[in-house]
Each structure stands twice: as structure tokens, then as C-alpha cells.
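Residue numbers (our numbering): 20 to 310.
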């Protein structure tokens with residue numbers, strides 16, 4: 020969970036606020052389900068938050084857009100690069116910026132919006148997640164507005180959340196054991212032969228696909244078919260099963276899945292004071308006066 024949070028560019032302050040708000044909303048739904056009404060005092064007791072904080076969160080609409088000081092510094096940098104006219108081209112596109120400079124540069128962008136982060140550290144982070152591209156002559160170009168690790172798209176994150184929620188719900192229901200336990204089983208070993216892993220993965224994928232196809236047939240047969248005359252909304256139940264393969268590598272090249280790239284040395288360009296011979300010859304000579 021924490022690794023995905025870092026890959027998705029979520030700061031710890033953002034995560035803290037999201038957890039607080041989600042806890043209040045989940046607790047509120049539970050109180051309404053149990054008592055039939057909303058009780059801010061009950062929610063405050065369940066979450067450990069002040070009643071005034073609970074009331075403030077419940078008044079607030081569920082909107083997660085825009086930027087704020089609590090957001091990940093990389094997200095603020097990219098948002099400003101795409102929105103601030105100072106760093107845009109006449110066509111409204113993010114301008115190619117020199118790394119160093121006073122007015123219109125990546126250094127100025129970081130100084131204004133990162134909250135005190137070093138320029139080189141921020142550049143390395145954005146290069147690592149493929150949000151910017153390093154060009155010749157120490158210039159950089161923005162590639163993505165959202166600082167998310169390559170491959171970790173919004174739909175992928177939503178899929179992770181949905182699968183994880185279903186699994187945790189099953190485990191929690193079985194832990195409470197208020198009814199017949201739901202099916203949940205795992206088969207694994209700790210001493211697999213690395214040379215056999217590819218064969219095992221392929222065979223399990225084939226068996227898993229066969230099982231899911233059979234499960235689809237069972238689920239389709241269990242669909243509730245309402246007669247044309249019955250127009251009333253009937254109760255429905257969400258039912259499903261997920262099969263997944265997991266593997267822990269003993270040695271990994273990169274925790275994030277992105278191969279590390281060699282770091283280029285960046286230096287500020289200084290104006291060289293070079294005086295030509297003609298300029299030297301044209302200068303008037305000052306005679307030394309001996310006293």
C-alpha cells in the first residue's frame with residue numbers, strides 16, 4: 020500500500036487527510052446502517068476525531084481535484100508547469116526549460132512551487148518516474164502532468180483498489196465469522212527452484228484461466244432474470260471470484276520496476292571573461308610614474 024502511494028505521488032500529509040475523511044464517511048455509513056440516523060457524536064467516538072472535525076468533513080463535498088500545499092511536491096511542480104503562464108509557450112503548452120536560471124527555468128519553477136526542495140533532487144525524481152525528459156544543453160521538457168510511475172495509470176490504480184477491497188472484505192467477513200465463511204485459500208512454497216518458476220507460472224496461468232472460464236459460466240447461470248411484466252427494482256447481489264499468482268523475488272534490480280539510469284552532472288553556466296588580443300592592443304597604456 021505504501022509503495023503504491025509513493026509510486027502514485029501521494030504525500031504523507033495527503034494520505035493522512037484522505038484516511039481521516041474516509042474514516043469519517045465509513046463510520047457515518049455504519050452508524051446510519053445500525054441506527055437509521057446520523058450521529059456526529061458516535062462518529063467522533065468511533066474515529067477518535069473531534070466532533071467539529073467530523074462535522075466539517077461531512078459538510079465538505081467529495082472532490083479530489085486541484086493542487087494544495089499538502090500535495091506531493093512533484094505534483095505541484097508539474098501542475099504549475101502546465102498552468103502558470105510564466106512557464107508556458109504562446110500556444111499554452113509547457114515550455115522547454117533550462118535547468119538553471121533566474122526567471123524562466125526549472126530552477127525557478129522548483130523554487131516557487133516545491134516548498135524548498137533541491138533542484139537536482141526534484142529533477143532526479145521526475146526523471147525516475149518518466150514525467151520529464153532530459154534534453155541537450157541542460158534543458159528539460161515536461162511529458163506528463165501527473166507524477167505517476169509509468170504503467171501505474173488511473174485505471175490501474177482503480178483496479179488495484181477494487182481487487183484489494185474484495186480480498187480484504189472476504190478476509191474481514193471470515194475473521195468476524197458472523198455467517199458461513201466465504202471461500203479463501205492459498206497455496207505457496209518458500210523454496211521454489213528459480214529455474215522452474217517460468218514453467219510454474221505458465222501452468223498456473225493456464226489452470227487459472229480455465230477455472231475463471233468455468234466460474235463465469237456458473238455466475239452467468241445464476242443471473243436473476245426478471246419477467247417483462249415485472250418492472251420493479253429487485254434486490255441483486257454482487258458475487259465473484261478472483262484468482263491471482265504471486266511471486267517474491269529474492270533479488271530485484273529496482274524496487275519501482277524502472278531500471279536506474281546513470282546520473283548526468285549538471286553545472287551552472289558562467290560567463291567566461293575572455294579578452295581578445297585586438298582588444299588588449301587597443302587599450303591605452305598607462306605609463307608608470309616613478310617617484
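Quick reminder that beta carbons are idealized off the backbone N, C-alpha and C, glycines included.
- Considering only 212, 117, 201, 237, the residue with the shortest C-alpha distance to residue 266 is 212.
- Collapsing the DSSP output to three states places residue 107 in a strand.
- Distance from residue 144 to residue 93 at the Cβ level is roughly 6 Å; contact confirmed, criterion being Cβ atoms closer than 8 Å.
- Here residue 118 has 124, 125, 126, 138, 142, 157, 158, 159, 285 as same chain residues with Cβ atoms under 8 Å from its own Cβ, once five neighbours each way along the sequence are excluded.
- Taking C-beta atoms as the reference points, residue 70 and residue 59 count as a pair closer than 8 Å.
- As DSSP reads the structure, residue 62 sits in no beta bridge.
- Residue 186 and residue 55 have their C-alpha atoms some 28 Å from each other.
- Across the structure, residue 210 and residue 216 are spaced so that their CA atoms are roughly 11 Å apart.
- With contacts defined as CB atoms closer than 8 Å, residue 97 and residue 150 qualify as a contacting pair.
- Where residue 139 is concerned, there is no enclosing beta strand (DSSP E), although the alpha helix (DSSP H) around it starts and stops at 138-147.
- Assignment of beta-bridge partners to residue 160 by DSSP yields 152.
- Around the CB of residue 132, 16 or more other CB atoms lie within 10 Å, so the residue is classed as buried.
- Inclusion of residue 43 and residue 77 in the CB contact set at 8 Å is warranted, their separation being smaller than that value.
- Residue 106 holds the alpha-carbon nearest to the alpha-carbon of residue 120 among 106, 113, 72, 192.
- Looking at 62, 259, 39, 163, the one whose alpha-carbon comes closest to that of residue 50 is 62.
- Contact annotation: residue 154 and residue 129 have beta-carbon atoms that are not nearer than 8 Å.
- Between the C-alpha atoms of residue 65 and residue 220 there is a straight-line separation of about 44 Å.
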